[in-house]
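Notes to accompany the following structure.
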Amino acid sequence: PENPLSCDDDLADRVFKAGIELFADVGIYCVDTERIIKFTEEEILEGLAEAPSCPVFGEGSDAKALVARKPESDIAPWCFLGAGGAAVSNETLFESIIEAYALFLPLANSITTPSIKHIEGRLVRTKSPLEIIACMRSSTLARSALRKGGRAGLPIMNSIASAVSDTAKIAGSQFGLRPTDGWLIGTMAEMKINFERLNEIAYVRNLGGHIVAETAPILGGYCGGPEGVAVANVAYHLNCILLMKGSCQLTFPIHFKYGCTSVRDILWASSVSSQGISRNSHFPSFINIYVAAGPMTEMCLYETAAVVLNAVVSGASIEFGSVVKGTEVDHFTPMEPRWASEMAHGVLGMTRAKGNEIVKKLLAKYEDNIPNAPKGKTYEQCWDMKTKQPIAEYKQMYKKIKAELAELGVQFKY
1 PENPLSCDDD
11 LADRVFKAGI
21 ELFADVGIYC
31 VDTERIIKFT
41 EEEILEGLAE
51 APSCPVFGEG
61 SDAKALVARK
71 PESDIAPWCF
81 LGAGGAAVSN
91 ETLFESIIEA
101 YALFLPLANS
111 ITTPSIKHIE
121 GRLVRTKSPL
131 EIIACMRSST
141 LARSALRKGG
151 RAGLPIMNSI
161 ASAVSDTAKI
171 AGSQFGLRPT
181 DGWLIGTMAE
191 MKINFERLNE
201 IAYVRNLGGH
211 IVAETAPILG
221 GYCGGPEGVA
231 VANVAYHLNC
241 ILLMKGSCQL
251 TFPIHFKYGC
261 TSVRDILWAS
271 SVSSQGISRN
281 SHFPSFINIY
291 VAAGPMTEMC
301 LYETAAVVLN
311 AVVSGASIEF
321 GSVVKGTEVD
331 HFTPMEPRWA
341 SEMAHGVLGM
351 TRAKGNEIVK
361 KLLAKYEDNI
371 PNAPKGKTYE
381 QCWDMKTKQP
391 IAEYKQMYKK
401 IKAELAELGV
411 QFKY
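Residue numbers (our numbering): 1 to 414.
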C-alpha cells in the first residue's frame, strides 16, 4: 500500500466486523483432539463486553494498570521492553542484560527477557531436564538482576523465554515468577492451539496470574496478503479474550519471507487492525516489534521508529521485541528498547496523517535493504560491561538518528 499507516476509520471498523465474522465461522482448531472450538457471534459480543480493561501488573512502586488506548491518543502506551526471547549465550550475560535493562530503561513498564542457550556450557534442549533447569535459573536470575538494578517490582511479562514445553514453563515459574507478572502463551499459526498451551492456560488461571495472549498471523501463509492478515489479527484478538482468557493481547503480524514486522505490508495490516481493535474493544493490545537489522546500525533505529510510530498512533501499546529477527545469539543491548520507548512517548497525540508521512520517509531509508539487513554487533561489542553504558560510537549514532526524527516531527520528551 502507498500509505503504510491507515487513516480510514470506516475501513478499520469494517475490518473489525470482518474479524468477528471470521472467528465465528472458523473458530480455533485443537490439533490434539482434531476438533474445532467455536463461539457464536452472541458469545463473541458478550465476551468483548466483559473483557478485562485495566489489569494491574507489577508490585510496589512498579505496579501499574495496563489500559487500552485509542488512535491518536495522548495516553502513554505501555512500554514492554527487552530482548523479546532472543537467545543469550550463557547465564552470566543473561543476568547482566536484565540488570542493564533495569538501570537504563526508565520508561519500561515491564521487561521481556532473553532465553538462555547454554547452562554451564551445555546446550539447552527442549523437553530435557536442562530446559527445566534453564527455566528455573531464568526466573531466579531475572528477579535478582531487577533487584540489583533498583526495579524489584518490575513485571516480567514474557513469563520464561527459555521455556518451550509446558512442563518447563510451569516448573520454572516456581522459582521467581509472580501472579503479577505476565505469562506469555501463544496460539499456533493459523488459528490453532494444542494441549500444551491449554495446560499452561489452566495452570495460570488457577494460579490467579495474568495471561499475555500471543498471536502472530503470517503474511504470505494461510492469511494471504495484508487484508487477510488484518482480519485474522482481529479474529485472534477475540480468541485471546474468549478461549485464552487473557489479560491483554500481544500480536506481531509477520512476513513469511523476511521474518520481521517493519515491512510496508505488515505496517499497513498492523495499523488498520490495531485501529479496528482500539476503536471497538477495551481489551488492551500490544504490537510486538521485530526488526531485520542488528544493534548499532542506523537501519535498526529507523525500522524501530517506523514500527513504534505505526503502533502507538494506531492505538496500541508496544513490546520491543527483537533485532536481527530474533535469530542471532547475544545480538541485543538496552539501547534499542530505550529508543523504542523514547519514540513511543515522542509521538503521543500525533495524527495518523502526520504519522503516515513520517513512516513513508523512514521506509525510504531502509525497506530496500531488508533482504540483506546488517547483523550489527553483539551486546559485549557495543556495551561497556564495566561502566554499564553504551560505547561512544553507539551514543553518537543514537544522537544523530534522534535529531533526524525530531526534525521530522517527533516531539521527544527525554
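Backbone N, C-alpha and C define an ideal beta-carbon position, used for all residues, glycine too.
Let me confirm a value: residue i is counted as buried when at least 16 other C-beta atoms fall within 10 Å, else exposed. Which label applies?
i: residue 249; result: buried
i: residue 402; result: buried
i: residue 407; result: exposed
i: residue 46; result: exposed
i: residue 31; result: exposed
i: residue 275; result: buried
i: residue 61; result: exposed
i: residue 261; result: buried
i: residue 236; result: buried
i: residue 476; result: An answer regarding residue 476 cannot be provided, because it is not within the stretch 1 to 414 covered by the chain.
i: residue 290; result: buried
i: residue 35; result: exposed
i: residue 412; result: exposed
i: residue 292; result: buried
i: residue 256; result: exposed
i: residue 166; result: buried
i: residue 179; result: exposed
Smallest Cα separation from residue i: which of the options?
i: residue 160; options: 188, 117, 122, 123; result: 117
i: residue 251; options: 245, 358, 234, 129; result: 234
i: residue 307; options: 110, 342, 112, 277; result: 342
i: residue 312; options: 370, 322, 336, 346; result: 346
i: residue 151; options: 318, 111, 406, 228; result: 111
i: residue 386; options: 96, 72, 89; result: 96
i: residue 87; options: 58, 124, 81; result: 124
i: residue 329; options: 199, 129, 350, 89; result: 89
i: residue 381; options: 352, 348, 333; result: 333
i: residue 305; options: 267, 278, 276; result: 267
i: residue 104; options: 94, 93, 81, 122; result: 81
i: residue 302; options: 132, 399, 173; result: 399
i: residue 171; options: 132, 194, 198, 153; result: 132
i: residue 212; options: 197, 246, 193; result: 246
i: residue 169; options: 91, 254, 196; result: 196
i: residue 83; options: 101, 92, 270, 16; result: 101
i: residue 258; options: 27, 314, 370, 288; result: 370
i: residue 454; options: 337, 194, 335; result: No statement about residue 454 is possible, as the shown extent of the chain runs from 1 to 414 and does not include it.
i: residue 232; options: 207, 273, 198, 199; result: 273
Could you round the C-beta distance between residue i and residue j to whole angstroms and report it? I think they count as a contact, below 8 Å.
i: residue 282; j: residue 68; result: 5 Å
i: residue 145; j: residue 185; result: Going by Cβ atoms, the distance from residue 145 to residue 185 rounds to 24 Å, so no, they are not a contact pair.
i: residue 57; j: residue 157; result: 7 Å
i: residue 318; j: residue 286; result: 6 Å
i: residue 176; j: residue 142; result: 7 Å
i: residue 226; j: residue 1; result: 7 Å
i: residue 85; j: residue 114; result: 7 Å
Based on DSSP bridge pairs, tell me the residues matched to residue i.
i: residue 288; result: 319
i: residue 251; result: 215, 287
i: residue 88; result: 116
i: residue 422; result: The requested residue 422 does not occur in the structure, where the chain is confined to residues 1 to 414.
i: residue 57; result: 64
i: residue 390; result: 383
i: residue 30; result: 35, 193
i: residue 185; result: 213
i: residue 122; result: 119
i: residue 132; result: For residue 132, which the question treats as bridged, DSSP gives no partner whatsoever.
i: residue 156; result: 111
Three or more C-beta pairs below 8 Å linking the stretch 292-301 and the stretch 372-386: yes
Any 3 or more C-beta pairs closer than 8 Å across the stretch 10-30 and the stretch 348-364: no
Cβ contact check for the stretch 318-328 and the stretch 235-245: 3 or more pairs under 8 Å: no
The stretch 202-213 touching the stretch 168-188, judged by at least three CB pairs closer than 8 Å: yes
Inter-stretch contact at 8 Å, needing at least 3 Cβ pairs: the stretch 132-139 / the stretch 159-177: yes
Cβ contact (3+ pairs, closer than 8 Å) linking the stretch 188-197 and the stretch 211-223: The stretch 188-197 vs the stretch 211-223: in contact.
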